[in-house]
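*Asks:* Below is a structure I'd like to ask you about.
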Amino acid sequence: MAYQPLPGDILMCYAPSVVGSAIDTVEGLGLLREHKKPPDHVPIYSHCCVYLGPDPTEDTGLCYVSEALGRGVVRSNAAKYEDVADVWAMSLTAQQREDVVHRANAFWRTHWRYSYGDIFVQFVRLLTGLKMPFEMKRSIICSLQCYDCYQAASEKIAALRNCAPEDIPIYGALEYRGQFGGGR
């Protein structure tokens, strides 16, 4: 079932790629080691981003997401995730949605870098269970960005801030709404 997200919802992505496959494998091993499993009917996700919706200053009809990629936090056309992402959301007030979107916009407008250090910490945690404290200034990965955006709205979407994409649906604060049905 296709679902059109609201600004502030999270797109959980399972886009096929070499990097996505590697993340899926490591997350799957981590879930096995922790005796956890994703919710029924849900794949292992390798990426997540915050849905922003249309830009009110443009008349293009495009909808956007804010996401952390290898080149840093960017605003991308949401349409690239049609058929390869699911929408996860919670009931938020209008103010909370504004807070999530405002924080997501702030990440790409202030040019946050991608945190390869956090990716390494994630791999270590998922493979060994070792939780290492790590934080670099003005750098982030996709799941931390989503976590921090919801923190701006006083909501917690994962047990740890240094979470992997798969930790978000497992935590249970967000609900599965359906497959992403369009960004145009």
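Going by the numbering used here, the final residue of the sequence shown carries number 496, and the count climbs one at a time with no gaps.
Where a beta carbon is used, it is the ideal one built from N, C-alpha and C, also for glycine.
Which residue marks the beginning of the beta strand (DSSP E) containing E499, and which one marks its end?
*Replies:* Residue 499 lies beyond the range of the chain shown here (313 to 496); nothing can be said about it.
*Asks:* Buried or exposed for S403, please, with buried defined as at least 16 other CB atoms from any protein chain shown within 10 angstroms of its CB.
*Replies:* Sequence index remark: in the sequence shown, residue 403 carries index 91 (1-based). Result: exposed.
*Asks:* In whole angstroms, what is the alpha-carbon distance linking V396 and K443?
*Replies:* Walking along the sequence shown from the start, residue 396 turns up at place 84. Walking along the sequence shown from the start, residue 443 turns up at place 131. About 30 Å.
*Asks:* For the ligand COA, any of its heavy atoms closer than 7 Å to the Cβ of P366?
*Replies:* The ligand COA is not part of the structure shown, which contains no ligands of any sort.
*Asks:* Would you tell me roughly how many angstroms separate the C-alpha atoms of R450 and V412, rounded to the nearest one?
*Replies:* Walking along the sequence shown from the start, residue 450 turns up at place 138. Walking along the sequence shown from the start, residue 412 turns up at place 100. Cα to Cα, the separation comes out at about 18 Å.
*Asks:* In the DSSP output, what is E379 paired with across the bridge?
*Replies:* As a first step, residue 379 is located in the sequence shown; it is residue number 67 there, counting from the start. In DSSP, E379 forms a bridge with V386.
*Asks:* Under a three-way DSSP split, which group does R473 fall into?
*Replies:* As a first step, residue 473 must be located in the sequence shown, where it is residue number 161. Of the three classes helix, strand and coil, the one that applies to R473 here is coil, per DSSP.
*Asks:* Are the region 320–327 and the region 354–366 touching, with three or more C-beta to C-beta distances below 8 Å?
*Replies:* The region 320–327 vs the region 354–366: in contact.
*Asks:* Could you give the DSSP three-state label for L364: helix, strand or coil?
*Replies:* Here residue 364 refers to the residue found at position 52 of the sequence shown. L364 falls in the strand class under three-state DSSP.
*Asks:* Have a look at Y459 and D371 and give me their C-alpha separation to the nearest angstrom.
*Replies:* Here the question's residue 459 lines up with position 147 in the sequence shown. Here the question's residue 371 lines up with position 59 in the sequence shown. Each residue's alpha carbon lies about 30 Å from the other.
*Asks:* With a threshold of 16 other CB atoms inside 10 Å of the CB of Q457, please say whether the residue is buried or exposed.
*Replies:* Sequence index remark: in the sequence shown, residue 457 carries index 145 (1-based). Classification of Q457: buried, given that the 10 Å Cβ count is 16 or more.
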